[in-house]
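Comments concern the structure below.
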Amino acid sequence: MASLPSKQISDDVSLLVVLIDTNPFFWSTSLSSLNFHQFVSHLLVFLDLIVLLSQLNQIVVIAAGHYSCDYIYDSSLDTNQVSREGELPTLYSFVLQRLEEFVSKDENSGAKKAAFPEKRVSSLLSGSLSMPLCCIFSL
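Just so we're aligned, residue 204 is where the sequence shown starts under the numbering used here, counting upward by one.
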């Protein structure tokens, strides 16, 4: 029998790119019983489990708002921060902090554009899809 080729370490690496729609118009009119806070808490548990499956798994979180989109978390840039006892895990606290900063920045962008009222209540979701593609292509 022919021997199977040996598996390289790079074959075990997986990349998960999560795109979050932070548009307040969507979350305020959502018909589901899941609100944004619950969604983020479920997402953080999911991301934590992905990392627990394999330390080689990479995660990128991108937020798309009403006026902008930005990278929230990239595990390949993570510097193995260890959280102190009694605190939120580092992934949780970092993602929550960056998400809060992004939402406030997106709202401020909207306040600057308030002089020119728009009827648009959609997010930049379609435009922000190019960001994960670039991230995947860079591997």
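Ideal placement from N, C-alpha and C gives every residue a C-beta, glycine not left out.
(message) Quick check: the Cα distance between V221 and L250, rounded to an integer number of angstroms?
(response) Your numbering for residue 221 matches position 18 in the sequence shown. Your numbering for residue 250 matches position 47 in the sequence shown. Rounded to the nearest angstrom, the gap between the Cα atoms of V221 and L250 is 9 Å.
(message) Can you tell me whether F340 is buried or exposed? The criterion is at least 16 other CB atoms within 10 Å of its CB, across all chains shown.
(response) Working through the sequence shown from its first residue, we reach residue 340 at position 137. Counting Cβ neighbours within 10 Å, F340 comes out exposed, since fewer than 16 surround it.
(message) From the DSSP secondary-structure annotation, give me the bridge partner or partners of Q261.
(response) In the sequence shown, counting from the first residue as 1, residue 261 sits at position 58. L218.
(request) For the stretch 245–263 and the stretch 216–230, state whether three or more C-beta atom pairs, one from each stretch, are separated by less than 8 Å. (result) The stretch 245–263, when compared against the stretch 216–230, does touch it at the 8 Å Cβ threshold.
(message) Alpha carbons only, please: which of C338, N311, L336 is nearest the one belonging to Y270?
(response) Counting from 1 along the sequence shown, the entry for residue 270 is found at position 67. Residue N311 is the option with its Cα nearest to Y270.
(message) Just to confirm before moving on: does the CB-CB distance between I262 and F305 stay below 8 Å?
(response) Locating residue 262 in the sequence shown gives position 59, counting from the first residue. Locating residue 305 in the sequence shown gives position 102, counting from the first residue. No. Outside cutoff.
(request) Note down the Cα distance separating F239 from W230, rounded to an integer number of angstroms. (result) Along the sequence shown, one-based indexing puts residue 239 at 36. Along the sequence shown, one-based indexing puts residue 230 at 27. Spanning the two alpha carbons is a distance of roughly 6 Å.
(request) Please work out which residues of its chain come closer than 7 Å, Cβ to Cβ, to C338, disregarding the five sequence neighbours upstream and downstream, and give them in chain order. (result) One-based indexing of the sequence shown puts residue 338 at position 135. Cβ neighbours of C338 beyond the five flanking positions: V220, V263.
(request) Using DSSP bridges, identify the partner residues of Y274. (result) Here residue 274 corresponds to residue number 71 of the sequence shown, with the count starting at 1. Per the DSSP secondary-structure output, Y274 pairs in a beta bridge with I265.
(request) Using the Cα positions of Y295 and T232, report the straight-line distance between them to the nearest angstrom. (result) Looking up residue 295 in the sequence shown gives position 92. Looking up residue 232 in the sequence shown gives position 29. Approximately 26 Å between the Cα atoms of the pair.
(request) In angstroms with no decimal places, state the Cα-to-Cα distance between Q300 and L237. (result) To locate residue 300, count along the sequence shown from 1; it is residue 97. To locate residue 237, count along the sequence shown from 1; it is residue 34. One C-alpha to the other measures close to 21 Å.
(message) Please return the same chain residues whose Cβ sits closer than 7 Å to the Cβ of S331, not counting the five positions on each side in sequence.
(response) Taking the sequence shown and counting its residues from 1, the one referred to as residue 331 is at position 128. The answer, listed in chain order, is L222, I265, A267, C272.
(message) Taking a contact to mean a Cβ-Cβ separation below 8 Å, would you say L336 touches V243 in this structure?
(response) Here residue 336 refers to the residue found at position 133 of the sequence shown. Here residue 243 refers to the residue found at position 40 of the sequence shown. Note that the C-beta distance between L336 and V243 is not below 8 Å.
(request) Count the other CB atoms, across all protein chains shown, that sit within 10 Å of the CB of L252; report buried if there are 16 or more and exposed otherwise. (result) As a first step, residue 252 must be located in the sequence shown, where it is residue number 49. Residue environment for L252: exposed (fewer than 16 other C-beta atoms within 10 angstroms of its C-beta).
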